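Taking my numbering, the leading residue of the sequence shown gets 93, the next gets one more, and so forth. For reference, the structure is listed below as structure tokens.
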Amino acid sequence: MARLATLLTIVAAVTLGSAEDSPTYDAFGILNLFGSPPRGTGGDWANTWDQGQRTIFNTPTHDPYDNRTFMKGSSSGADVVIQQGAALFEGSPRLYIEGRWEDVEMTGYGTYLAYGEIKSYSGLTMAARTNHGDYDVDGGCAAATYYAKIYTTTGEASFQKEYQHGMDGAVYSASDRVDVPVLASGIPLGLEIGMKFVVYTVDDADVQLELWLDFAGGTEGGDWQLAHSKRDTYGSWLAQSEIPPECGDDPLHVEQGETILGARDYCFLRTDGNLDTQVMWSRASVRRVSAERAASMAPTPTPTSTQALAPTTAPPGPVAPGPTLVDGARQAATGAVGMWAVWVLVGQ
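Written out as structure tokens, the structure reads:
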């Protein structure tokens with residue numbers, strides 16, 4: 093019996109080890125880069141954008157098919173139009189995903205269909221570890237946020253930390269940017285860019301940020317390559333303006349130079365422009381990851397400007413100001429987003 097028990101223990105250990113090392117995929121067949129926590133995947137989120145046509149307006153309004161998501165926007169008339177597994181962001185919406193998010197792997201595929209007005213901070217943006225969704229009811233003192241962005245005009249990969257978001261303005265760190273050589277001329281219309289924003293705590297004090305990109309359209313789970321990584325340590329990433337003193341009483345307030353630690357209520361997707369700006373997101377998900385497993389993985393060195401991040405298909409060309417939705421849809425119609433773009437033009 094003792095020998096049998098020993099044998100069963102060995103078999104179980106080998107089986108568990110093999111399962112942990114095997115690749116896993118999300119609900120859309122996209123490769124997961126980090127392992128799940130010991131308690132499993134309970135509370136993870138994946139979009140339900142294939143369950144009927146609807147529009148979420150800037151009121152804020154919850155998605156009628158998903159009570160964990162709601163939309164707010166920074167411009168009047170911003171909305172999110174959902175159809176055929178994708179969400180069209182018009183204007184400058186923020187689509188919030190509710191949960192208890194701490195160490196996360198956030199995934200989405202973004203495609204510009206129309207630039208509209210390009211602002212200095214326009215781009216494909218993901219945000220994590222934040223209570224930003226409540227800034228208009230709590231004064232924004234708990235709205236500290238980590239952002240990952242691909243800038244529209246330069247194609248740079250960037251991280252930024254928000255300290256506070258009041259109704260009269262926000263307090264940010266400097267943006268930390270690196271070149272993505274294949275996007276050196278900016279984000280072209282119709283090019284689908286897969287993004288994974290990974291955020292996890294290291295040594296109970298620091299926060300590791302990683303931005304991974306896929307230009308292969310998710311084929312075979314995606315060809316994920318690290319575009320940018322940063323470790324936020326105490327005192328290393330300062331606010332560029334004064335944090336309102338009244339925020340000191342908020343238990344979730346982040347003081348000058350502090351890292352953003354602990355679970356928060358939201359992650360969100362964001363775009364910025366005017367009412368002519370149209371960005372399509374698809375295959376969006378947020379999953380909890382194991383901090384222990386993630387922290388044990390040595391981060392890949394951040395690519396330099398001389399290290400090409402090679403997509404499967406070269407970008408169709410440089411960014412030019414002022415294209416219309418018709419221009420964007422015509423270009424997009426040659427790729428995987430074509431059918432959806434045609435619906436945008438004739439179905440509204």
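Note that CB positions come from ideal geometry on N, CA and C, so glycine has one too. Since we're looking at a predicted model, the values are computed, not measured.
Sequence-distant residues of the same chain with beta carbon closer than 6 Å to residue i, five excluded per side
i, result
"Ala72", "Here the chain has residues from 93 to 440 only, and residue 72 is not among them."
"Leu367", "Gly169, Gly183"
"Thr325", "Asp298"
"Trp304", "Lys288, Trp316, Leu318"
"Arg192", "Ala355"
"Val378", "Trp137, Ile189, Val196, Met198, Cys359"
"Val272", "Gly247, Ala249, Ala319, Leu401"
"His154", "Phe162"
"Asp419", "Confidence is the limiting factor: at Asp419 the pLDDT is only 36, short of 50, which leaves the residue's position unreliable and the question unanswerable from this model."
"Val145", "Going by the sequence as given, residue 145 is Gln instead of Val. Gln175, listed in sequence order."
Residue i beta carbon near the ligand FMN (any heavy atom closer than 7 Å)
i, result
"Tyr201", "Here there are no bound small molecules, and the ligand FMN is not part of this structure."
Reduced DSSP category for residue i - H, G, I as helix; E, B as strand; rest coil
i, result
"Glu338", "helix"
"Glu194", "coil"
"Pro410", "Summary for Pro410: the model assigns pLDDT 37, below 50, so the residue's position carries little reliability, and this model does not support an answer."
"Pro273", "helix"
"Thr153", "strand"
"Thr203", "strand"
"Thr147", "strand"
"Thr311", "helix"
"Gly127", "coil"
"Arg118", "Arg is not the amino acid found at residue 118; the sequence shown has Asp there. Reduced to three states, the DSSP call for Asp118 is coil."
"Ala235", "coil"
"Ala266", "coil"
"Asp298", "strand"
"Gly225", "helix"
Limits of the unbroken beta strand (DSSP E) element including residue i
i, result
"His320", "317 to 324"
"Leu216", "215 to 222"
"His257", "249 to 258"
"Cys359", "356 to 362"
"Ser182", "One detail in the question is off: residue 182 reads as Glu in this sequence, not Ser. It spans 178 to 182 - the beta strand (DSSP E) in which Glu182 sits, taken as one unbroken run."
"Asp171", "171 to 175"
"Lys288", "285 to 294"
Spatial distance of residue i from residue j (CA atoms)
i, j, result
"Leu125", "Gly365", "31 Å"
"Thr217", "Ala240", "6 Å"
"Pro337", "Asp226", "19 Å"
"Gln143", "Gln176", "8 Å"
"Tyr204", "Ile174", "16 Å"
"Thr237", "Gly327", "16 Å"
"Lys211", "Asp342", "32 Å"
"Ala220", "Val346", "15 Å"
"Gly165", "Gly127", "33 Å"
"Thr311", "Glu302", "21 Å"
"Thr369", "Glu284", "16 Å"
"Leu330", "Val263", "10 Å"
"Glu209", "Arg186", "17 Å"
"Arg160", "Val290", "20 Å"
"Val371", "His257", "24 Å"
"Leu361", "Ser382", "22 Å"
"Thr293", "Lys253", "15 Å"
"Ala266", "Ser333", "10 Å"
"Asp53", "Leu353", "The displayed coordinates of the chain run from 93 to 440. Any statement about residue 53 would go beyond what the structure contains."
"Ala234", "Gly261", "14 Å"
"Phe37", "Pro156", "In the structure as shown, the chain starts at 93 and stops at 440, and residue 37 therefore has no counterpart that could be examined."
"Arg380", "Ile335", "30 Å"
"Thr147", "Tyr207", "20 Å"
Beta-carbon proximity list for residue i, same chain, < 8 Å, skipping 5 on both sides
i, result
"Tyr117", "Leu123, Asn124, Gly313"
**Request:** Evaluate the contact criterion for the region 274 to 292 versus the region 237 to 251: three or more CB pairs, one atom per stretch, below 8 Å.
**Result:** Taking 8 Å as the limit for Cβ pairs, the verdict is that the region 237 to 251 does touch the region 274 to 292.
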